[in-house]
Amino acid sequence: MPELPEVETVARGLQGLVGKRITRVEVRRPKLVSVGPKTLSPKRQHSQLHTRAFQKALVDRRIAKVARRAKLIQFQLSGGWWILVHLKMAGQIVVQQKGQRRLLVRLLNSPHAQLEKMPSKHTHIIIRFTDGTLLYYNDLRLFGTWRAVRSADLSRVADLAAYGPEPLARNFSAKVLQAALRRRPNMPIKQALTDQTLLAGVGNIYADETLFAARLKPTRKVKSLKLADWSRLFTGLQKVLRHAIKTHGSSVGEFIRVDGSVGTYGRYHKVYDRKGKSCPRCGTPIRRMVLGGRGTHYCPRCQR
DNA sequence: AGAACGTCTCGGCCGC
DNA sequence: TGCGGCCGAGACGTTC
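Position in the first sequence counted from 1, then plus 48, gives you our numbering.
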């Protein structure tokens, strides 16, 4: 579920953990955790050895830094270890501050969803810090991953090594964007935008919103884009991502901030999940199609 | 019933 | 026939 703006929102919300020391790690779902640069084979996932190794890598270590790369949250720990967390479709990280009486969290974004007390039946990992702060990992769909990796092995983490450029990096530009996506000249631009090895962090919502902002049809082949198209794509991409981060992301599905509150960028979606509603620019009904297996929303008049 | 914001694996196809 | 690149389908739990 979460894309760059949501993961960035979570990473920023976790900055308060820097300096705290882990005292206890409870793993209720061993299949979510692994140790080392390679992902665990499904066969070994149910052994308890890797759970113990995961706990051992974390316990008694201090959080030195929390950062984001693409859609990964990176905890740098003391003692040369990192934790790489991918929330996939439905992962949530919430933090209960020391002394905070209880934490209520909406596990689903449906209007009638109940607030649930932490930990809930969807809480699969609980990390306790020496000062009493608690981190809960919730995951309705059990797709998320927590990997403990030694610093020396970071370069051997396949997905991390393969990520394309960060769209909000200081040195990112229309030229960098063009060079990155042109590695797949025949791919529809929408699919290229969401390919993490070409460009980091953009998923379905922000690809649709970016292409609307850039007035480009999602099916356009990468190689068909002209100089002016690249320029609008670059500007649209940064504008959409920056606005989404400022509003703490889109709380579609299950995304929430670390204090349990929701992001409000969903209010500003111009095409995503707006099939049949009118285009905010020209009034034409928004269309939905399937591209590369994902729902794709666009204005048939504005985007060409 | 069909779809959901992510990614990985597998199998088929194309071209050298 | 062999190999790599490329691409689409399916799989992964669960909920509404």
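For each residue, glycine too, the CB sits at the ideal point set by N, CA and C.
Neighbourhood of residue i by C-beta, 7 angstroms cutoff - its chain only, sequence neighbours within 5 removed
{"i": "G311", "result": "E54, T57, T295, H296, G297, S298, S299, F303 and R305"}
{"i": "R77", "result": "H172 and L190"}
{"i": "M337", "result": "T344"}
{"i": "A101", "result": "V83"}
{"i": "P85", "result": "V197, D201, R204 and V205"}
{"i": "P213", "result": "F220, V224, A228, L247 and A248"}
{"i": "Y320", "result": "I253, D256, E257 and H345"}
Residue i classed as buried or exposed, judged by whether at least 16 other C-beta atoms fall within 10 angstroms
{"i": "T193", "result": "buried"}
{"i": "Q96", "result": "exposed"}
{"i": "A26", "result": "Absent from the structure is residue 26, since the part of the chain shown begins at 49 and ends at 352."}
{"i": "K318", "result": "buried"}
{"i": "D256", "result": "buried"}
{"i": "T332", "result": "exposed"}
{"i": "K238", "result": "buried"}
{"i": "Q63", "result": "exposed"}
{"i": "A105", "result": "buried"}
{"i": "R109", "result": "buried"}
{"i": "R195", "result": "buried"}
{"i": "Q140", "result": "buried"}
{"i": "A367", "result": "Coverage of the chain is limited to positions 49 through 352, which leaves residue 367 absent and any answer about it impossible."}
Which listed residue (the options) has its alpha carbon closest to that of residue i
{"i": "F191", "options": "A209, R204, H170 and V205", "result": "H170"}
{"i": "V73", "options": "L182, V66, V83 and V319", "result": "L182"}
{"i": "F282", "options": "Y320, N219 and L62", "result": "N219"}
{"i": "R154", "options": "L289, K165 and Y184", "result": "K165"}
{"i": "L52", "options": "Y316, I111, I131 and P215", "result": "P215"}
{"i": "R290", "options": "K274, Y313, S309 and S279", "result": "Y313"}
{"i": "G341", "options": "G180, G61, T242 and L152", "result": "T242"}
{"i": "G67", "options": "L80, I111 and V81", "result": "I111"}
{"i": "L188", "options": "V205, P167 and K325", "result": "P167"}
{"i": "S309", "options": "L151, I175 and N234", "result": "L151"}
{"i": "Q226", "options": "A292, K113, L273 and A59", "result": "L273"}
{"i": "T209", "options": "R176, L132 and L65", "result": "Residue 209 is actually Ala in this sequence, not Thr. Taking only the C-alpha atoms, the option nearest A209 is L132."}
{"i": "Q148", "options": "N186, L80 and G180", "result": "G180"}
{"i": "L163", "options": "R195, D307, Q63 and A222", "result": "D307"}
{"i": "A292", "options": "Y254, Y320, D321 and R280", "result": "Y254"}
{"i": "K323", "options": "R315, I334 and Y316", "result": "I334"}
{"i": "L80", "options": "A59, V143, Y185 and G284", "result": "Y185"}
{"i": "A222", "options": "Q63, Q145, A276 and Q103", "result": "A276"}
{"i": "Q103", "options": "Q140, F123, G64 and I175", "result": "I175"}
{"i": "L339", "options": "V114, Y320, P236 and I141", "result": "P236"}
{"i": "A115", "options": "Q145, A59, R232 and W130", "result": "A59"}
{"i": "K146", "options": "A240, R315, D207 and L65", "result": "L65"}
{"i": "Y211", "options": "Y316, Q244 and R315", "result": "Q244"}
Same chain, Cβ closer than 6 angstroms to residue i, neighbours up to 5 away in sequence not counted
{"i": "R329", "result": "C350"}
{"i": "T178", "result": "R69 and T71"}
{"i": "S199", "result": "G128"}
{"i": "V143", "result": "L183 and V306"}
{"i": "W278", "result": "A222 and Q226"}
{"i": "K113", "result": "Q124"}
{"i": "T258", "result": "G284, L285 and V288"}
{"i": "R352", "result": "K265"}
{"i": "G61", "result": "R305 and V306"}
{"i": "S126", "result": "R109, R110 and A112"}
Residue i - partner residues in DSSP beta bridges
{"i": "K269", "result": "P236"}
{"i": "V306", "result": "Per DSSP, none; premise fails for V306."}
{"i": "A337", "result": "For clarity, residue 337 is Met in the given sequence; the question names Ala instead. The partner list for M337 (beta bridge, DSSP) reads T344."}
{"i": "K113", "result": "Q124"}
{"i": "F177", "result": "I70"}
{"i": "V250", "result": "Partner(s): none; V250 has no beta bridge."}
{"i": "E56", "result": "Answer by DSSP bridge pairing: none, since E56 is not bridged."}
{"i": "V75", "result": "I173"}
{"i": "N416", "result": "The structure shown does not extend to residue 416, since the chain is modelled only from 49 to 352, so the question has no answer here."}
{"i": "L152", "result": "K165"}
{"i": "A196", "result": "V83 and I131"}
Closer than 8 angstroms: residue i CB and nearest the ligand FMN heavy atom
{"i": "A228", "result": "Absence of the ligand FMN from the depicted structure is noted, as is the absence of any ligand whatsoever, leaving it without description."}
Neighbourhood of residue i by C-beta distance below 8 angstroms, restricted to the same chain and skipping five residues each side
{"i": "K287", "result": "A261"}
{"i": "R230", "result": "V270 and K271"}
{"i": "V107", "result": "I70, T71, R72 and V73"}
{"i": "S326", "result": "T332, P333 and I334"}
{"i": "N234", "result": "K269, V270 and K271"}
{"i": "T354", "result": "In the structure displayed, the chain extends from 49 to 352; residue 354 sits before or after that span and is not available."}
{"i": "R280", "result": "A261, A262, R263 and L264"}
{"i": "A240", "result": "L229, R232, L246, L247 and V270"}
Spell out a yes or no on whether the segment 118-133 and the segment 233-251 are touching, meaning 3 or more CB-CB pairs, one atom from each, closer than 8 angstroms. The segment 118-133 makes contact with the segment 233-251: 3 or more CB pairs, one atom from each, lie closer than 8 angstroms.
Mind the definition here: the segment 338-350 touches the segment 254-269 only if three or more C-beta pairs lie below 8 angstroms; say whether that holds. In short, these stretches touch, since the Cβ pair count reaches three.
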